[in-house]
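Numbering (our numbering), first residue to last: 13 to 556.
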Ligand SMILES: Cc1ncc(C[n+]2csc(CCOP(=O)(O)OP(=O)(O)O)c2C)c(N)n1
Ligand SMILES: [Mg+2]
């Protein structure tokens, strides 16, 4: 077997079903030979996002892989890797590279140098005999510990060199369980807390700990808020849910965070970001993560608890069950009613927007109508950068695990299109929706054709306000003098021209019927695009 065939065989053993890719790379042919389907994108940034969506939507159960040419292909993939790195997504990147005797000659692009800041681990396969071992390390890094992109560069001669036999078993991941005495100490802090709040991240979903989180919250009646990447780690229709927060937020989150004494952060790196909620000063912070290096990175953690979220929660639950004999004190708290009152009050404030009849359309009306139209338990939703993210995040109610792909340590316009294609490939039975602004689709729209060609029946919602609305405050003079924030386009026609199905909606009474029609089109494997003509909207659900 040559290097390319070896790599394809290893991917097969690792249960990889799709190779997201862009030519030229020998790996495409070797994968096709053994029925790993190549998904050829229109540009590499989206190819990486497709791989990213496969990994994210399955909590890392399936690893997304992207292969590309060295030089231009590797250069053009960089934003994709930067995005995956920022949100700690386990994707495997396989660029080609210069031949070994020409490696590291400037100014040629050297992936192993240039990607070092946006990968968890990277290596060059400098000897065909080392290929299986290097891939073993790659998959171990992808599956164990805090996730992140891994890059393996294949110098040109390695593709054709031969190895007689492939010795490779799929990698088993390892989990870390915290020390019992540490768990005991922290359980005491939680038991004695007056107003604890759970602050959960995407680590819950990577460790499949959603059930344990539910049990834990119910046990002591603790309200739960999620980070943006952690959105859908806790059911948002549950009486203890505070929802999720990005730039915009529910009203419940600041209320309960402000009055909390103990914040129990689980499955999050606790990185401060404008797209997440800061923990206010003066709180006792318990920080549980599987990455020791994240403790005390951005916050002073009073207690660290290193481990896999599922095991951490199991241990905390059994510890608390052993220590607490009478739960009356916790059950008698009026937390659920308090949450309900604030939620009712908050949604009341937004009723007129969520049900607005105005034209151009109000984006909140679209979000609300969409939510009433889909089966939330069978939907995966993601936002894009710009106003759509801030309009959807607090109001979209996730009812089942891994039903939302939240992102925002970096916010590359257009990323939602690739990530939702990956989600649909990995979850063909689910309705997969991305909601994006007109600037966002402007960056990546040609990749709708990738969905058409590969029968990836996604639903793309475009909120077309003819402008980069969210940029209005950043350039008032340029806008007044030159209309610098405005842009034009008919995205229904773009979708149709690329072989997809499209519809343009400008009246409120047509929103739901258009959505229903689009959803039925996606069921036939064809991507559908619904373009809504909306007004610029500067009201965001912001509370302190
Ligand atoms: C690649 C990239 N460049 C720049 C930005 C900064 N940025 C964030 S939102 C935005 C404009 C978004 O406009 P649009 O998609 O039309 O959404 P709107 O705010 O109009 O609803 C820009 C320029 C970004 N997020 N990504
Ligand atoms: Mg816009």
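Glycine included, C-beta positions come from ideal geometry on N, C-alpha and C.
_According to DSSP, residues forming a beta bridge with residue 544_ = Beta bridge pairing from DSSP links residue 544 with 475, 517.
*Across which residues does DSSP place residue 448 in a beta bridge pair?*
Residue 448 pairs with 474.
*Residue span of the beta strand (DSSP E) that contains residue 301, given as start and end*: First-last of the beta strand (DSSP E) with residue 301: 296-301.
*Taking buried to mean at least 16 other C-beta atoms within 10 Å of its own C-beta, is residue 544 buried or exposed?*
Burial check for residue 544: the Cβ neighbour count within 10 Å reaches 16 or more, so the residue is buried.
_Would you call the segment 422-440 in contact with the segment 262-270, where contact means no fewer than 3 C-beta pairs closer than 8 Å?_
No: fewer than three Cβ pairs fall under 8 Å.
*With DSSP collapsed to three states, give me the class of residue 394.*
In the displayed model, residue 394 falls within a strand according to three-state DSSP.
*So does residue 558 have its beta carbon nearer than 7 Å to some heavy atom of ligand 1?*
Outside the displayed range of the chain (13 to 556) lies residue 558, so it cannot be described from this structure.
_residue 424 beta carbon near ligand 1 (any heavy atom closer than 7 Å)_ = True, at least one ligand heavy atom lies under 7 Å from that Cβ.
*Kindly give me the distance between the Cβ atoms of residue 32 and residue 51, rounded to whole angstroms, as I take these residues to be in contact under 8 Å.*
Rounded, the Cβ-Cβ distance is 5 Å, consistent with contact.
_Relative to the C-alpha of residue 58, which candidate in 497, 471, 537, 429 has its C-alpha closest?_
For residue 58, the closest alpha carbon among the candidates 497, 471, 537, 429 is that of 429.
*Secondary structure at residue 193, three-state DSSP: helix, strand or coil?*
Correct three-state label for residue 193: helix.
_What I want to know is whether the C-beta of residue 450 ends up closer than 7 Å to one or more non-hydrogen atoms of ligand 2._
At least one heavy atom of ligand 2 falls within 7 Å of the beta-carbon of residue 450.
*Just the Cα atoms here: how many angstroms apart are residue 178 and residue 170?*
Rounded to the nearest angstrom, the two C-alpha atoms are 15 Å apart.
*CB-CB length for residue 454 against residue 499, believed under 8 Å*: Taking C-beta atoms under 8 Å as the contact rule, residue 454 and residue 499 qualify, at a distance of about 6 Å.
*asked:* Using 8 Å for Cβ pairs, my map puts residue 240 next to residue 256. What's the rounded Cβ distance?
replied: Between the beta-carbon of residue 240 and that of residue 256 there is about 6 Å, and that keeps the pair under the 8 Å contact cut.
*Would you identify the three-state DSSP class for residue 492, choosing helix, strand or coil?*
Residue state, collapsed to three classes: helix.
_Neighbourhood of residue 368 by C-beta, 6 Å cutoff - its chain only, sequence neighbours within 5 removed_ = So the list reads 374, 377, once near-sequence residues are dropped.
*asked:* Let's see if you can read the secondary structure: which residues bound the beta strand (DSSP E) around residue 165?
replied: 162-167 is the span of the beta strand (DSSP E), which, as asked, contains residue 165.
*asked:* Please determine whether the Cβ atom of residue 482 lies at a distance below 7 Å from any heavy atom of ligand 1.
replied: It does: the Cβ of residue 482 is within 7 Å (strictly closer) of some heavy atom of ligand 1.
_My output table needs one value for residue 503: the three-state DSSP class, helix, strand or coil._
Helix.
*Take every Cβ of the segment 189-204, pair it with every Cβ of the segment 316-324, and state whether three or more of those distances are shorter than 8 Å.*
Cβ pair count under 8 Å is three or more, so yes.
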